[in-house]
Ligand code: NAD
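In my numbering, the protein residues as written are -1 to 314.
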C-alpha cells in the first residue's frame, strides 16, 4: 500500500512564513514542510526551531530547509517572500519589488515540475496572485491569493464583539482588494441566519447607532492598526493561509473569501479579486456570486478597478 504524505513548501521564511510553519505543525495539517528562503541559513534556523516543537504536539511533521528543486511533488506552496511595506508606504508601493521576487521564485518552481496549489500571501496580494497565475501557467483553480480572507476574519471579529457572539456565528465578507479600497456588502451580513440590519433594529438601545462605514474602515485599517503597534502582522494572515490549505487538503468545500480569477463574475474579467469561493481538493471549485445592492456594486467595482489599474504595471 502506497501512503502519500502531504507536503507543503513555504517560500519566504520571515515573520509570516515562519508563523505559517508554526500554524501548520501545531494544527497537524501535513506530514512534511520544506522551508525555502533566499537566506538559506534563516530557512534552516526556522526548520530547526519548528522541528523542536514536535515532541509536544499531537502529530509528527517533518520540517526541513530545502530548495526549489524539492517542489516537484509538493502539494501546496505558500509564497510569502517580499518586502513588507515600510511606514508610510501602502501595500501597492511594494508592487515592483514583489513582482521581481515573484518571477525569481515561480520560474524555478515550475521547472521542478510542480503541479500543486499556490497560496500567495506576498503583497500586493491580488496583483501577485494574478502574476503567479500568469507566470506559472497553472489552472486558475490552483493559484489562490489570501485576498480578503484575513480582512473578513477581522470584520467578523468586530461584528461579533459588537453583538456579543462568537465570530464563527457571523457570516460576513470583506471583498475586492486586500487593501484600502476593500468593501463590505452589508446586505449579506447575517448573525446566526438573521440579517444584521434586523439584529440592529431589534437591539436599538444597544447597537442602534452602529456606524457601518466606520466598521468598514476599521476592517480595512485593521492590518495597519496592528502594524502601527508591533511593526508588522503575521498570526492572522498565517492562520488564514493555513485555513485555505486545510480546506484543500481535507476536501472541505468550505466557502472562504480569497483572491481568485474573475471571468465574467461580478462583471469583471482577467483580474484577481477577493470574493467568496468554494474551496476543495481541486482548489477553487467555484465562485459564489452574491447579489449586491447598486451602492455595494459601485464600491466593489471601484475596488476591483484599483487592482486592475495596478496589474497593468506588471511586465507579462
Ligand atoms: P519578512 O521580511 O519578515 O520576511 C520576508 C522573507 O522573504 C525574508 O526571510 C527574506 O529573506 C525572504 N525573501 C526575500 N526575497 C526572497 C527571494 N527572492 N526568494 C526567497 N525568499 C526571499 O516579511 P514578512 O513580514 O514575513 O512579510 C512577507 C510578505 O507578506 C510581504 O509581502 C508582506 O507585505 C506580506 N504580508 C501579507 C499579508 C496579507 O494579508 N496578504 C499580511 C502580512 C504580510
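Each residue gets a CB set at the ideal place from its N, CA and C atoms; glycine is no exception.
Spatial neighbours of residue 217 in its own chain (CB-CB distance under 6 angstroms, excluding positions within 5 residues in sequence) are listed in chain order as 149, 152, 153, 172. When beta bridges are read from the DSSP output, residue 257 appears opposite 143, 272. The C-beta of residue 98 has fewer than 16 other C-beta atoms within 10 Å across all chains shown, which makes the residue exposed. In this structure, the straight-line span from the alpha carbon of residue 183 to that of residue 1 is close to 44 angstroms. Rounded to the nearest whole angstrom, the CA to CA distance from residue 283 to residue 311 is 29 angstroms.
By the 16-neighbour rule on beta-carbons within 10 angstroms, residue 180 is buried. Contact check between the segment 53 to 71 and the segment 85 to 100: fewer than three CB pairs, one atom from each, fall below 8 angstroms, which does not count as touching. For residue 261 and residue 55, the gap between their C-alpha atoms comes out near 43 angstroms. About 13 angstroms separates the CB atoms of residue 285 and residue 302; that is not less than 8 angstroms, and the two are not in contact. Note on residue 289: under 16 other CB atoms within 10 angstroms of its CB, so exposed under the neighbour-count rule.
Apart from the 5 residues on each side of it in sequence, residue 276 sits with its Cβ closer than 6 angstroms to the Cβ of 251, 253, 283, 284 in its chain, given in chain order. Runs of the alpha helix (DSSP H) lying entirely within the segment 192 to 257 and spanning at least 4 residues, in chain order: 194 to 200, 202 to 205, 210 to 228, 233 to 247. Counting C-beta pairs with one atom in each stretch, the segment 227 to 247 and the segment 156 to 165 have fewer than three that are closer than 8 angstroms, which means they do not touch.
Annotated as distal: residue 17 and residue 145, with beta-carbon spacing of 8 angstroms or more. Around residue 26, the same chain offers 55, 56, 57, 59 as residues with beta carbons nearer than 8 angstroms, after the five sequence neighbours per side are excluded.
Taken through DSSP and simplified to helix, strand or coil, residue 284 comes out as strand. For residue 119, there is no enclosing alpha helix (DSSP H), as DSSP marks it with neither H nor E. Scanning its chain for C-beta atoms nearer than 7 angstroms, with the 5 sequence neighbours on each side dropped, one finds no residue around residue 199. In this structure, residue 142 and residue 77 do not form a Cβ contact; the two beta carbons are roughly 11 angstroms apart against a cut-off of 8 angstroms. Boundaries of the alpha helix (DSSP H) around residue 23: 13 to 25. Judged by DSSP in its simplified three-state form, residue 128 adopts helix.
Per DSSP, the beta bridge partners of residue 277 are 252, 282.
By alpha-carbon distance to residue 30, the top candidate from 10, 159, 45, 5 is 5. Residue burial is scored here from C-beta neighbours: residue 46 has fewer than 16 other C-beta atoms within 10 angstroms and is therefore classed as exposed. Residue 2 carries a coil assignment under DSSP once its states are collapsed to helix, strand and coil.
Nearest to residue 175 by C-alpha distance, out of 14, 89, 267, is 89.
Distances between the C-beta of residue 89 and the heavy atoms of ligand 1 include at least one below 7 angstroms.
If you look at residue 33, you'll find it in the beta strand (DSSP E) that goes 30 to 34. Each residue's CA atom was taken as its position, placing residue 130 and residue 80 some 13 angstroms apart.
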